[in-house]
Amino acid sequence: MERIEDAGVYKLTEELAIIQTVDFFTPIVDDPFTFGQIAVANSLSDVYAMGGKPLTALNIVCFPIQSMDILVLREILKGGIEKMKEADVVLAGGHSVDDQELKYGLAVTGIIHPGRVLRKEGSQPGDRLILTKPLGTGIISTAIKAGLASPEVAEKAARTMATLNRKASEIMLEVGARSCTDITGFGLAGHAAEMIEGTATGIVLYADSIPVLPGTRELAEMGMIPGGLYRNRDYRQPIVQINTGVSEFMSDIIFDPQTSGGLLISIAPEKAEILLERLHQAGVQEVSLIGEVTASSAGRIVVVPGRT
Amino acid sequence: MKIVDARNLPCPEPVLKTKQALEATSGETITILVNTPEACQNVQRFARSQGCTVEILEKENEYILEISRTGIKEEQEKSFAPILMITSDQLGTGDETLGQLLLTTFINTLTEVKPRPAKMLFINRGVMLTTEGSRVLDTLHQLEKEGVQIFSCGTCLNHYQLKDKLKVGKITNMYDTVSSLLTAERIIRI
Numbered sequence: 099m100e101r102i103e104d105a106g107v108y109k110l111t112e113e114l115a116i117i118q119t120v121d122f123f124t125p126i127v128d129d130p131f132t133f134g135q136i137a138v139a140n141s142l143s144d145v146y147a148m149g150g151k152p153l154t155a156l157n158i159v160c161f162p163i164q165s166m167d168i169l170v171l172r173e174i175l176k177g178g179i180e181k182m183k184e185a186d187v188v189l190a191g192g193h194s195v196d197d198q199e200l201k202y203g204l205a206v207t208g209i210i211h212p213g214r215v216l217r218k219e220g221s222q223p224g225d226r227l228i229l230t231k232p233l234g235t236g237i238i239s240t241a242i243k244a245g246l247a248s249p250e251v252a253e254k255a256a257r258t259m260a261t262l263n264r265k266a267s268e269i270m271l272e273v274g275a276r277s278c279t280d281i282t283g284f285g286l287a288g289h290a291a292e293m294i295e296g297t298a299t300g301i302v303l304y305a306d307s308i309p310v311l312p313g314t315r316e317l318a319e320m321g322m323i324p325g326g327l328y329r330n331r332d333y334r335q336p337i338v339q340i341n342t343g344v345s346e347f348m349s350d351i352i353f354d355p356q357t358s359g360g361l362l363i364s365i366a367p368e369k370a371e372i373l374l375e376r377l378h379q380a381g382v383q384e385v386s387l388i389g390e391v392t393a394s395s396a397g398r399i400v401v402v403p404g405r406t
Numbered sequence: 437m438k439i440v441d442a443r444n445l446p447c448p449e450p451v452l453k454t455k456q457a458l459e460a461t462s463g464e465t466i467t468i469l470v471n472t473p474e475a476c477q478n479v480q481r482f483a484r485s486q487g488c489t490v491e492i493l494e495k496e497n498e499y500i501l502e503i504s505r506t507g508i509k510e511e512q513e514k515s516f517a518p519i520l521m522i523t524s525d526q527l528g529t530g531d532e533t534l535g536q537l538l539l540t541t542f543i544n545t546l547t548e549v550k551p552r553p554a555k556m557l558f559i560n561r562g563v564m565l566t567t568e569g570s571r572v573l574d575t576l577h578q579l580e581k582e583g584v585q586i587f588s589c590g591t592c593l594n595h596y597q598l599k600d601k602l603k604v605g606k607i608t609n610m611y612d613t614v615s616s617l618l619t620a621e622r623i624i625r626i
C-alpha cells in the first residue's frame with residue numbers, strides 16, 4: 099500500500115492476509131487494571147479500523163522494577179488479559195524491560211481478506227461520516243494528571259477508552275463501509291484530514307453533532323489543554339476552516355489527541371442510517387453522524403455549526 | 437507582588453501553580469512566567485475561568501502573565517445575593533400541573549423583583565427548566581443577561597438524557613455546586 103495506513107497488511111494468499119500493528123504508552127489513568135484494559139483496546143483498534151480480525155498478541159512491558167510494586171504490573175496485565183479475552187485474542191507471549199517510566203502495550207497480529215481492506219482513503223462525495231466514540235480523552239487525561247477531574251468524569255472517560263472498537267468494526271463490515279480510520283493522537287481533524295489529503299474531496303463537520311465526553315468543556319475552560327492539542331491545531335490549521343457560529347470549545351476539541359478513540363467511518367449516504375441503527379442496537383450508544391464528504395473544498399475540512 | 441516561575445514545566449503544571457498562587461493571595465495581582473505558547477494559553481484560560489483579568493507581555497519566547505483578581509472580588513460581592521437552588525420542576529408538593537404553573541410564575545417574577553439572585557442552580561428535575569421544552573427559557577436568558585449565573589447539574593442532564601438539549605446557562609458538577617453552597621451567604625431551595 100502506498101499510503102501510511104493504520105496497520106501493516108501482508109498478503110499470504112488471494113483470500114488471506116496478515117495484519118499487524120504495535121502500540122504502547124505511559125499510563126493515562128490512575129487505576130492499573132483499567133490502564134491495562136485501555137492499552138489493549140487501543141492496540142487492537144488499528145486492526146479493527148482496517149476491518150481485520152485480531153488473533154494473537156504479544157505484551158510489551160517497560161517497568162521500573164526497583165521503584166514500583168510488582169503488584170501494579172500484575173494488575174495492568176490482568177486488565178490487559180481480560181480485555182484480550184473479550185476480544186477473543188490469544189496472548190502468545192511478551193517481553194519486558196526495566197525502565198524508569200512504566201509503559202504497556204501490545205504487538206497484535208490478525209487476519210484480513212486482502213480484497214476487503216478498509217483504507218483511510220476511498221471516500222466518495224456525499225458519503226456520510228460516522229464517529230463511534232465521544233471526544234475529550236486528551237483534555238480529561240490532562241485534568242486527571244492535575245487532579246482536577248471529578249471521579250465521575252474520569253470514570254466515564256476511562257470506560258470509553260477501554261471500550262473495544264470490535265463491534266463497531268464488525269458492523270461496519272456487514273453494512274459496507276467505504277473507508278475508515280481510528281481517532282487517536284492527531285485528533286478528529288488530523289485523522290479526518292488523512293482520509294482526504296491529496297484527493298479531490300473535502301470534508302464538512304457539523305459541530306453540534308460531534309459527541310463530547312461529559313465534563314470536557316469545563317475542564318478545557320480551566321486550561322486543561324494537552325500540548326498535543328495545540329500541536330495538532332498548529333499543524334492542521336492551514337487546511338481546517340472554522341465557520342462563524344462554531345464555539346471556541348468545538349474548534350479546540352476537534353484537535354484533542356485521543357487515546358483509544360472511536361472509528362471514523364465513511365459510508366455511502368443510503369447506508370448511513372442503517373449503520374447508525376445497527377450500531378445503536380449493538381450498544382455503541384454514543385455513535386453520531388458528524389459530517390460528510392464533499393466534492394468541493396478538496397483536501398480541506400470545513401467545520402460548520404450544524405447540519406443545514 | 438507575587439511571582440510564579442512556571443517556565444519549563446509541562447502542562448498542566450503551570451495551571452496548577454497558578455491555581456495555588458491564586459488561592460494563596462488575597463486580592464493582589466500575581467505574575468506568572470511561562471515559556472511556551474501552550475502554557476500561556478492554558479494559564480490564561482484558567483485565570484479567565486476564575487473571573488480574573490489577564491494581561492500578557494511576550495518577550496523572546498517568554499510570556500509574562502499579570503493576573504488580577506478583580507473579577508473574583510466582584511464574585512465575592514455577588515455572593516451576598518442569594519443562591520437559588522431549584523431541585524424540582526414544580527413549586528411545592530401537590531397537583532403536578534399546579535406545581536409547574538407556580539414554578540413558572542415564580543421564575544418569571546424574578547425579573548420584576550430586586551435583588552436578583554447571584555446564581556441559580558438547577559438540580560434533579562430542575563434541569564427540565566433549562567432545557568428544550570421549558571416555558572421559562574426566555575426569562576432565564578433575560579436573567580443571565582442581567583448577570584445571574586445559571587447552572588445545570590451535569591449528572592442530572594445526563595440522567596434525563598438532556599445533555600444536548602440544554603438551552604441556557606452552563607453545566608456544573610457537584611464539586612462546584614457544593615463549594616458555591618458552602619461559601620454562600622444565603623441559599624433559597626425550591
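Which chain is which? The protein sequence lines are V and Z, in order. Read in order, the letters of the first sequence are residues 99 to 406 in the numbering used here. Read in order, the letters of the second sequence are residues 437 to 626 in the numbering used here. Quick reminder that beta carbons are idealized off the backbone N, C-alpha and C, glycines included.
Assuming Val138/V is part of the alpha helix (DSSP H), what are its boundary residues? 130 to 147
Buried or exposed for Ala275/V, please, with buried defined as at least 16 other CB atoms from any protein chain shown within 10 angstroms of its CB. buried
Considering Cα atoms alone, identify which of Val302/V, Ile237/V, Thr230/V, Leu387/V is closest to Met322/V. Ile237/V
Take Gly220/V as the anchor and find which of Gly245/V, Val195/V, Gln383/V, Ala366/V has the nearest alpha-carbon. Ala366/V
According to DSSP, is Val614/Z helix, strand or coil? helix
Residues in the region 582 to 602 of chain Z with C-beta within 9 Å of chain V's C-beta atoms, listed in sequence order? Gly590, Thr591, Leu593, Asn594, Lys599, Asp600
Would you report the Cα separation of Asp104/V and Asp350/V, rounded to the nearest angstrom? 24 Å
Quick check on this structure: which residue in Gln486/Z, Thr608/Z, Asp531/Z has the alpha carbon closest to the alpha carbon of Met556/Z? Thr608/Z
Residues, ordered as in the chain, of the region 317 to 333 of chain V that lie near chain Z by beta-carbon distance below 7 Å: Glu319, Met320, Gly321, Met322, Ile323, Pro324, Gly325, Tyr328
Determine whether the Cβ of Glu511/Z lies closer than 8 Å to any Cβ atom of chain V. Because the pLDDT at Glu511/Z is just 49, under 50, the model does not fix this residue reliably, and the value given afterwards should be weighed accordingly. It does not: the Cβ of Glu511/Z has no partner Cβ on chain V nearer than 8 Å.
Can you list, in chain order, the residues of the region 609 to 623 of chain Z whose Cβ is nearer than 9 Å to any Cβ on chain V? Asn609, Met610, Tyr611, Asp612
Does DSSP put Cys447/Z in a helix, a strand or coil? coil
Residue nearest to Ala380/V in terms of C-alpha spacing, selected from Asp306/V, Thr230/V, Tyr304/V, Pro249/V: Thr230/V
Check whether the region 238 to 256 of chain V touches the region 146 to 156 of chain V, counting contact only when three or more Cβ pairs, one atom from each stretch, lie closer than 8 Å. no
So is Met166/V buried or exposed if we call it buried at 16+ other beta carbons inside 10 Å? exposed
Could you tell me which of Ser615/Z, Ile500/Z, Gly562/Z, Arg625/Z sits nearest to Val604/Z, measuring between CA atoms? Gly562/Z
Consider the Cβ of Lys218/V: report whether some Cβ of chain Z lies at a distance smaller than 8 Å. no
Going along chain Z in order, which residues have a C-beta closer than 8 Å to the C-beta of Ser248/V? Asn609, Met610, Tyr611
Leu520/Z burial status per 10 Å Cβ neighbour count (16 or more: buried): buried
Pick from Ile623/Z, Thr567/Z, Glu580/Z, Leu579/Z that is closest to Tyr596/Z, judged by C-alpha positions: Thr567/Z
Applying the criterion that 16 or more other CB atoms from any shown protein chain within 10 Å of the CB defines a buried residue, is Met182/V buried or exposed? buried
Which same chain residues end up closer than 6 Å to Lys509/Z when comparing Cβ atoms and leaving out the 5 residues on each side of it in sequence? Low local confidence applies: a pLDDT of 46 at Lys509/Z is under 50, so the model's placement there is unreliable, and no value is given.
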